[in-house]
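Structure first, commentary second.
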Amino acid sequence: MQQLIKDLIKKGYLITPNIIDAFVFIDRIDFVPENLKDEAYRDIPLSIGHGQTISQPLTVAFMLELLKPNKGEKILDIGSGSGWQSSLLAHIVGDGGKVFAVELIPELSEIGKENARRYKFNNIKFIAGDGSRGLEQEAPFDKIIVAAAAFEKIPEELYKQLKIGGRLVIPVDNSIWLVVKKDENKFEEKEFPGFVFVPLIEK
Ligand code: SAH
20 MQQLIKDLIK KGYLITPNII DAFVFIDRID FVPENLKDEA YRDIPLSIGH GQTISQPLTV
80 AFMLELLKPN KGEKILDIGS GSGWQSSLLA HIVGDGGKVF AVELIPELSE IGKENARRYK
140 FNNIKFIAGD GSRGLEQEAP FDKIIVAAAA FEKIPEELYK QLKIGGRLVI PVDNSIWLVV
200 KKDENKFEEK EFPGFVFVPL IEK
């Protein structure tokens, strides 16, 4: 197991066996550009071009632990970028599940899809387009995760596109928020401050 993963476990960021398995199986090096392969196992975000980054491993671990993805689930991944997190999720949900990976920048959507190809998933759909209002046509989802920070508030549509019992993990400014849908109009929310994200482009 890579030192990076051991460290994330030791520091308490990686906890759940299915998430740890995914980190071991889906190799981050496959999702970083050629010129940065040496840096793949450092706990830092790395440039993937077009002004965007592959997220910091610690942040991905923290957000997935809040999301609690499981086998068989239907998950919306907004801001798929390099395709790393989408692939971690596809590994976790398995053949009976489905990951919808939405990315605003078409070239990055293509790169993410290309990077994930070696894993031969048949349960990820890469979609180039704006995900700031979710993905109405595929809703509802068991889980929704967003990799770019919303401005000041969580987009309303994301609450609607969750199943009851579903979980949404989304950065707003410099905080990560966990939203749990208790009932059609009842949500539990918790804020975890102190993170840095690229902005979610909201049109
Ligand atoms: N999970 C990715 C993180 C990429 S950074 C990875 O680990 O590689 C966040 C991504 O969100 C960027 O690629 C950015 O282009 C994308 N993004 C920003 N606004 C978006 C929007 N409205 N809809 C979809 N993707 C968006």
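The C-terminal residue of the sequence shown carries number 222 in the numbering used here, and the numbering is unbroken. Using N, Cα and C, we set each Cβ at its ideal position, and we do this for glycine too.
- Taken through DSSP and simplified to helix, strand or coil, valine 199 comes out as strand.
- Annotation: isoleucine 220 to lysine 172 spans about 13 angstroms, alpha carbon to alpha carbon.
- For glutamate 171, the shortest separation between its Cβ and any heavy atom of the ligand SAH does not lie below 7 angstroms.
- DSSP places glycine 68 in the uninterrupted beta strand (DSSP E) bounded by 65-68.
- Per DSSP, threonine 72 is one residue of the beta strand (DSSP E) stretching across 71-73.
- When distances are taken from the beta-carbon of glutamate 155 to the heavy atoms of the ligand SAH, even the shortest one reaches 7 angstroms or more.
- Cβ-Cβ distances below 6 angstroms link isoleucine 24 to Phe42 in the same chain, with the five nearest sequence neighbours on each side left out; the list follows chain order.
- Nearest neighbour of glycine 116 by Cα position, chosen from Leu123, Leu108, Glu122, turns out to be Leu108.
- Between lysine 162 and threonine 78, the alpha-carbon positions lie close to 17 angstroms from each other.
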